[in-house]
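Have a look at the structure below before the remarks.
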Amino acid sequence: IGSGWWNLIDFVRNACAFTAPVAGATGVNERPMRLVGLSFGWFLVLAAVAVAGRELLAPNAAVGYDLRPAGELWYRLAPGSLNLLQAIVERYIWPPLWDPGIVSILQLPALVVFAVPGIVLLILCFRRGGHRRKRWRFK
Numbered sequence: 005i006g007s008g009w010w011n012l013i014d015f016v017r018n019a020c021a022f023t024a025p026v027a028g029a030t031g032v033n034e035r036p037m038r039l040v041g042l043s044f045g046w047f048l049v050l051a052a053v054a055v056a057g058r059e060l061l062a063p064n065a066a067v068g069y070d071l072r073p074a075g076e077l078w079y080r081l082a083p084g085s086l087n088l089l090q091a092i093v094e095r096y097i098w099p100p101l102w103d104p105g106i107v108s109i110l111q112l113p114a115l116v117v118f119a120v121p122g123i124v125l126l127i128l129c130f131r132r133g134g135h136r137r138k139r140w141r142f143k
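Here our numbering is used: position 13 in the sequence shown is 17, and no number is missing along the way.
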């Protein structure tokens, strides 16, 4: 892995370890970025499970089970937003970002596009070590 990837991993780990008191928290420093990372990671994993369930329940008659690309799934859900994103990226951001970059991601199976980032987020944001939150006990 190149040094750029390690910098990205360090950035996500540091964001997940960000400690700032949350308004209304009672004596415990919550980690809001960790909670956001875990929530988004679980959302992506659940989306991957939904896509896998759809693939298993609706096989293609010609080839059996076929992993559909993420671009096809996005086009079936909202074709206008996919076309709008393409126009915005090509006109205002950087045209090569769309064709080799985003198009190659959209050609990957939707299961992979959802599962891999979700699992990576869960691994990076999951609390490590045996540290548990103290429970209040009545004496």
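Glycine included, C-beta positions come from ideal geometry on N, C-alpha and C.
Next on the checklist: Given this structure, state the Cα-to-Cα distance separating P113 from S85, to the nearest angstrom.
Outcome noted: 19 angstroms
Next on the checklist: Measuring alpha carbon to alpha carbon, tell me which residue in R35, S7, L42, P36 is nearest I123.
Outcome noted: L42
Next on the checklist: Under DSSP, the alpha helix (DSSP H) around A52 begins and ends at which residues?
Outcome noted: If you look at A52, you'll find it in the alpha helix (DSSP H) that goes 36-61.
Checklist entry - P145 bridges to which residues according to DSSP? => result This structure gives no information on residue 145, because the portion of the chain shown stretches from 5 to 143.
Checklist entry - Is the Cβ of F44 closer than 8 angstroms to any Cβ of chain B? => result No chain B appears in this structure, which consists of one protein chain only.
Checklist entry - Within 10 angstroms of its Cβ, does L81 collect 16 or more other Cβ (buried), or is it exposed? => result exposed
Checklist entry - Excluding five sequence neighbours on each side, which residues of the same chain lie with their C-beta closer than 7 angstroms to the C-beta of Q111? => result Within the same chain, Q111 has close Cβ partners P73, G75.
Next on the checklist: Between the alpha carbons of L71 and V93, how many angstroms are there, rounded?
Outcome noted: 27 angstroms
Checklist entry - Rounded to a whole number of angstroms, what is the C-alpha to C-alpha distance between V16 and A54? => result Cα to Cα, the separation comes out at about 26 angstroms.
Checklist entry - Exposed or buried, what is R220 when buried is set at 16 or more other beta-carbons lying within 10 Å of its beta-carbon? => result What the structure shows of the chain is the stretch from 5 to 143, and residue 220 is not part of that stretch, so it cannot be assessed.
Checklist entry - Under the three-state reduction of DSSP, which class applies to F130: helix, strand or coil? => result coil
Checklist entry - Between the C-alpha atoms of A62 and W10, what's the straight-line distance to the nearest angstrom? => result 39 angstroms
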